[in-house]
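*Asks:* I'd like to ask you about the structure that follows.
Residue numbers (the numbering used here): 629 to 1066.
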């Protein structure tokens, strides 16, 4: 099979081969090309030593990405291309990085150190495809399999465990049984991986098209870095409203919500507060009083522990804490929600509610009518600039102080007037509000 290479990649291969070195495209770009995708990032592997590579590209901007390990980044047309010398990795003493590397002139040695067969493919326009481990067949059969012994591969680099799950999720592949068994067996190696690396892989994984199956099959792996997951697995929800246990319900909601990082993180964490709040009522049905609020705090703690950025932490914990939002029955109810939530918050919560309700028993799933009505009311409120927040109110704190009200009573008074406007008891006109107050 011939792969159409970008011109810059052809230029890099020409420069290296023209100087008498072997050079190939390698890894994810080759895999994605075989799958019919258009790769954004291209990596090149070569027999040239790092200093030789640097000399050959002296007329280009280069970055010494990792010369010690053989990698130089060449910038062409503002795009980076990593060029790495064929190498053999040394001992992995930290389950993450080799202590040293040995450069080699043999491509076979370089491909032998790679993680999965689908990533151990090399290609150039002279030789064609180099496939020593059946990577093409595994791509066609949609299989993730390690190069060589899976226990050895995962003990070299524990992050490969999460990478295997991420590839299976994003590509829609399954994981072959020996590799899957090794993932379960070696899952605690993830304790040696930085939180930052875990959150990057997790974010990609949960946005994959096969996220449901991976979450369902590997909860023990995810519980290594989110131990709050473990109690949710097989935790029965009693009552005709519920179709699944807590973890399976969570997995279904992740699967059905749009493939957006914030939304999928929200659904992954949204019901973890159910276990600590669970009680049975007099009918023997499960109740989870305040589980959304408790879950919001848990989400904040989990995301902080995994070193997500503050914006993500705040947004997801807010959405988890509010996910019990139901379409309001009246426009006035909606306006009361808008005192503390933006219209976009409401729209997002409706999307969350659709996925959440969709993972209940069938008779509880449909909220289309309430959603449509809420969206119509939102449109009217925005188009007519209807008063729903303190900043929309026709009086300010200074106006209230002039009436002789002071201290914390100023805020209480403003909120009372806002409620009166929303409830239709008074028009949002300054003189009317002050008259109503007095």
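Every residue, glycine too, gets a C-beta built ideally from N, C-alpha and C.
Please determine whether the Cβ atom of residue 656 lies at a distance below 7 Å from any heavy atom of the ligand SAH.
*Replies:* Among the components modelled here there is no ligand, and therefore nothing to report on the ligand SAH.
*Asks:* Are the CB atoms of residue 1028 and residue 1042 within a distance shorter than 8 Å?
*Replies:* Yes, the Cβ-Cβ distance between residue 1042 and residue 1028 is below 8 Å.
*Asks:* With respect to the alpha helix (DSSP H) encompassing residue 884, which residues constitute its N-terminal and C-terminal limits?
*Replies:* Start and end: 874–884.
*Asks:* Would you kindly work out how many angstroms separate the C-alpha atoms of residue 684 and residue 650, rounded to a whole number?
*Replies:* Taking the straight line joining both Cα atoms gives about 14 Å.
*Asks:* Could you work out which residue in 658, 824, 776 is closest to residue 787 when comparing CA atoms only?
*Replies:* Nearest option by C-alpha distance: 824.
*Asks:* For residue 620, which residues of its own chain have a beta-carbon under 7 Å away from its beta-carbon, when the five flanking residues on both sides are left out?
*Replies:* In this structure the chain extends from 629 to 1066, so residue 620 is not present and cannot be described.
*Asks:* What three-state label does DSSP hand residue 653 in the structure shown?
*Replies:* It is a strand residue.
*Asks:* What would DSSP say about residue 703, mapped onto helix, strand or coil?
*Replies:* Here residue 703 sits in strand by DSSP.
*Asks:* Can the beta-carbon of residue 1045 be found less than 8 Å from the beta-carbon of residue 1066?
*Replies:* Cβ atoms of residue 1045 and residue 1066: not closer than 8 Å.
*Asks:* Helix, strand or coil, according to DSSP, for residue 640 in the structure here?
*Replies:* Helix.
*Asks:* Using the Cβ count rule (16 or more neighbours within 10 Å means buried), how would you classify residue 688?
*Replies:* So residue 688 counts as exposed.
*Asks:* Rounded to whole angstroms, how far is the Cβ of residue 955 from the Cβ of residue 934, which I believe are closer than 8 Å?
*Replies:* In fact, because the Cβ distance is near 32 Å, the residues do not count as touching under 8 Å.
*Asks:* Which residue from 705, 882, 754, 1032 puts its Cα closest to that of residue 836?
*Replies:* Closest by alpha carbon: 882.
*Asks:* Which stretch, first to last residue, makes up the alpha helix (DSSP H) that contains residue 938?
*Replies:* It spans 938–950 - the alpha helix (DSSP H) in which residue 938 sits, taken as one unbroken run.
*Asks:* Indicate the three-state DSSP secondary structure (helix, strand or coil) for residue 757 in the structure shown.
*Replies:* If DSSP states are grouped into helix, strand and coil, residue 757 belongs with the strands.
*Asks:* How far does the beta strand (DSSP E) with residue 850 in it extend, from its first residue to its last?
*Replies:* Here residue 850 belongs to no beta strand (DSSP E); instead the alpha helix (DSSP H) covers 847–853.
*Asks:* With distances taken between CB atoms, is the gap from residue 940 to residue 947 smaller than 8 Å?
*Replies:* Not a contact, by the Cβ cut-off of 8 Å.
*Asks:* Taking the C-alpha atoms as reference points, what is the distance between residue 761 and residue 804?
*Replies:* Distance between the alpha carbons of residue 761 and residue 804 is about 14 Å.
*Asks:* Run through the DSSP bridge pairs and tell me what residue 791 is partnered with.
*Replies:* DSSP output for residue 791 lists no bridge partner at all.
*Asks:* Which residues in the same chain have their Cβ closer than 7 Å to the Cβ of residue 636, if we skip the five residues on either side of it in sequence?
*Replies:* Excluding residues within five positions, the ones whose Cβ falls inside 7 Å are 704, 705, 707, 709.
*Asks:* Taking 8 Å as the threshold (C-beta atoms), are residue 747 and residue 659 in contact?
*Replies:* Result yes, Cβ atoms of residue 659 and residue 747 sit closer than 8 Å.
*Asks:* Leaving out five residues before and five after residue 811 in sequence, what residues of the same chain have Cβ atoms less than 8 Å from its Cβ?
*Replies:* Excluding sequence neighbours, residue 811 sits near 778, 782, 789, 792, 793, 803, 846, 849.
*Asks:* What does the alpha-carbon distance come out to for the pair residue 1067 and residue 851?
*Replies:* For residue 1067 there is no data in the structure shown, the boundaries of the chain being 629 and 1066.
*Asks:* When the distance is taken between beta carbons, is residue 923 closer than 8 Å to residue 897?
*Replies:* Contact: yes.
*Asks:* So, do the region 867–874 and the region 886–896 have three or more beta carbon pairs nearer to each other than 8 Å?
*Replies:* They do not touch, by the three-pair rule.
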